[in-house]
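Report on the structure given below.
Next comes the structure, spelled out in structure tokens:
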């Protein structure tokens, strides 16, 4: 998905988020499902791989672990749409999310004078229709097949079970951890929620290096499953378990990593780099300036001069 498409979906996501009291709220239209049995539709490995690739580009699926991800992939069913047919109508309530397998889909809004404003054209591996499911809202735009299309569709029940239930629990865990990270503790709840939503997931096998001593880094990590060990000069100095974090000072400044951190057995982390943080909330210095004493403490940890703060 190119930047213009991403920007459109992120803009819609943020707009709906501001209007929503809680992204995890279950109303009459979108009730939580007890004893839900995930649906499984037959696909070959090539088809599954294409769906996985598409979902990996969607910010909504970054929180899922491998098992959850496969539940979602298995729940997609295929749908053929002829050229010129509206897949989604602006103003309707939606119950399906789509991944384009083949074809092109035009996304547009209708202005007051009935003039069509084309927002973007989506192609193979693009995802659309997720926002109405996430926020129980009406479709924000119309999606029309520009060509004959083969789509993969995911129903509201499966989406709700995975995205709005499992991800909600994870977001709460991430927010709790972020509130204890010294460099981030002065964020307000809304900012913390935004950071939690943008954390990406990565898995490491036993012995794989997550951080290497001496290398400059710009990424902050939270360990969410398994264990990791930190070593310096080939000597183990610390063991990390679920809920621990490391590399947070890299959000402020490039500095050689003080130790090597390796996965112990299998482990999974979520992470955020400095560039993504800045794009999301602006320079982290702006947040640190809210609490001068904490800012000085962070700079001291980095071995940096604090006089610039005293002068402001």
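In UniProt numbering, the protein residues as written are 1 to 312. We put the CB at the ideal spot given by N, CA and C, even for glycine. Computed from a predicted structure; not experimentally measured.
Leaving aside the five residues that flank residue 203 on each side, the residues in its chain whose CB is nearer than 6 Å to its CB run, in chain order, 268. In the DSSP assignment, residue 74 falls within the unbroken alpha helix (DSSP H) covering 66-75.
Excluding sequence positions up to five before and after residue 102, its CB lies within less than 7 Å of the CB of 124, 149 and 150, all in the same chain and listed in chain order. DSSP lists no bridge partner for residue 174.
The alpha-carbon of residue 186 is positioned some 41 Å away from that of residue 153. Just so you know, the alpha carbons of residue 190 and residue 220 end up roughly 19 Å apart. The C-beta distance from residue 133 to residue 83 rounds to 25 Å, too long to fall under 8 Å, and the pair is not in contact.
With the rule of 3 Cβ pairs closer than 8 Å, the stretch 176-186 counts as touching the stretch 241-254. Taking all protein chains in view, the Cβ of residue 236 is surrounded by fewer than 16 other Cβ atoms within 10 Å, so the residue is classified as exposed.
Taken through DSSP and simplified to helix, strand or coil, residue 142 comes out as strand. In the three-state DSSP reduction, residue 203 falls in the strand class (E or B).
Beta-bridge pairing by DSSP links residue 272 to 220.
Residue pairing by DSSP puts residue 150 in a beta bridge opposite 80 and 102.
Secondary structure of residue 107 (DSSP, three-state): strand. Three or more beta-carbon pairs separated by less than 8 Å are not found between the stretch 61-71 and the stretch 106-118, which leaves the two stretches without contact. Looking at 68, 128, 77 and 143, the one whose alpha-carbon comes closest to that of residue 44 is 77.
For residue 56, the enclosing alpha helix (DSSP H) covers residues 45-56. One alpha carbon belongs to residue 90, the other to residue 56, and they sit about 26 Å apart.
Of the candidates 214, 263, 75 and 138, 75 places its Cα closest to the Cα of residue 163. Nearest in C-alpha terms to residue 265, of all of 275, 277 and 209, is 209. Looking from the CA of residue 274, the closest CA among 260, 250 and 194 belongs to 250. DSSP places residue 194 in the uninterrupted alpha helix (DSSP H) bounded by 189-198. Residues 250, 251, 254, 273, 274 and 275 of the same chain have their beta carbon placed closer than 8 Å to that of residue 218, with the five preceding and five following residues left out of the count. Shown here for residue 88: same chain residues with a beta carbon closer than 7 Å to its own, the five before and five after excluded, namely 94, 129, 139, 142 and 143 in chain order.
Assigned with DSSP and collapsed to three states, residue 126 falls in coil, not helix or strand. With fewer than 16 other CB atoms across the displayed protein chains lying within 10 angstroms of its CB, residue 46 is exposed. Sixteen is the threshold: when 16 or more other Cβ atoms of the shown chains lie within 10 Å of the Cβ of residue 262, as they do, the residue is buried.
A check of alpha carbon separations from residue 240 across 229, 234 and 233 identifies 229 as the nearest. Under the three-state reduction of DSSP, residue 231 is assigned to strand.
DSSP places residue 37 outside both helix and strand once states are collapsed to three, so it counts as coil.
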